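Asker:
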Amino acid sequence: MSRPQKISDQQIRDTARRLFLAHGPAVTVATIAEELGVSAAAVIQRVGSKGELLRMCLHGDGPPAWIETVERGPGKRPPFDELVDLLVAGAKSMREVVPTLIVWRLGEPNGLLRPDSAVPPPPIQARESLARWLTRATEGGTPIPDPRRVAELLLGAAESRAFLGWVTDLPPHSREEWVEIVRALLPSL
C-alpha cells in the first residue's frame, strides 16, 4: 500500500511557480521541496523532472478558464461587449502566463513550445480559440475581417502589456482601454 500524499499537485505547482518567478529557472528541486516540507526525491517522483515541473507551472490543469469561456461563445450579448469582456479576462490571464513563459524559455533553452504539440502553450490556445470565436461571430452576421489576424493583434496587445507589467509597474489595460482598442480595430462591430 502506498503512503498517502502529503501535498497536492496544485501545492507543488503553486510553490514551484512562485519560486521560479522569484528566482528564475535556476531554483533547484531541492529548494522547492524544502519549501513544501518534503524531499526532492518525492517531488521528482511526482513530476518526473525539473523540466516537467516547469511545464506544470506553464500548463496547469488545462487551458485557462477564460479560454473555456471563449470556446462557448459568442453568446446572446452584443459581440462588442462580449469581446471586450473576453479581452479583459484574457489580459488578466496573460499577466500570469507571460512571466511563466519567460522562465520556461530561460530554463529550457532547447525546449521550445511547439504550437502543434499535443497540448499547445496557452498563447497558442488563446489565439486559436479567439480566432474561432471571431469566425463564429462573423457567421452570426457580425462583420469581422480576417478573424485569425484580428485575434493575433488583440492577443498580441494583451501579451505585450503583460510583459511590460512584469518588467515595469505598468498596469493592465482597463476595460475602457479595451473598448477603445476594439473600436479602433473593428469599427463596424
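Taking my numbering, the leading residue of the sequence shown gets 201, the next gets one more, and so forth.
Every residue, glycine too, gets a C-beta built ideally from N, C-alpha and C.
Here the structure is a predicted model, which is why all the values come from computation and not from measurement.
1) Are the beta-carbon atoms of residue 270 and residue 219 separated by less than 8 angstroms?
2) Based on Cα-Cα distance, which residue from 267, 265 and 290 lies nearest to residue 360?
3) So residue 355 and residue 323 are in contact, right, with Cβ under 8 angstroms, and what is the actual spacing, rounded?
4) Answer yes or no: do residue 206 and residue 227 have a C-beta to C-beta separation smaller than 8 angstroms?
5) State the start and end residues of the unbroken alpha helix (DSSP H) segment that holds residue 357.
6) Have a look at residue 247 and residue 253 and give me their C-alpha separation to the nearest angstrom.
7) Taking buried to mean at least 16 other C-beta atoms within 10 Å of its own C-beta, is residue 408 buried or exposed?
8) Answer with buried or exposed for residue 273, where buried requires no fewer than 16 other C-beta atoms within 10 angstroms of its C-beta.
9) Rounded to a whole number of angstroms, what is the C-alpha to C-alpha distance between residue 338 and residue 222?
10) Return the chain-ordered list of same chain residues with a C-beta closer than 8 angstroms to the C-beta of residue 256, the five sequence neighbours on each side being excluded.
11) Straight-line CA distance for residue 371 to residue 320?
12) Quick one: give me the first and last residue of the alpha helix (DSSP H) that residue 217 is part of.
13) Identify which residue in 277, 364 and 264 has its Cα closest to the Cα of residue 389.
Answerer: Let me spell this out:
1) no
2) When only C-alpha atoms are compared, the closest one is 290.
3) 7 angstroms
4) Taking C-beta atoms as the reference points, residue 206 and residue 227 fail to come closer than 8 angstroms.
5) 347-367
6) 6 angstroms
7) Lying before the first or after the last residue shown, residue 408 is absent from the chain, which here runs from 201 to 389.
8) That one is buried.
9) Straight-line Cα distance between these residues: approximately 43 angstroms.
10) 209, 212, 213, 216 and 247
11) 27 angstroms
12) Its alpha helix (DSSP H) spans residues 209-223.
13) Per the C-alpha coordinates, the member of 277, 364 and 264 positioned closest to residue 389 is 277.
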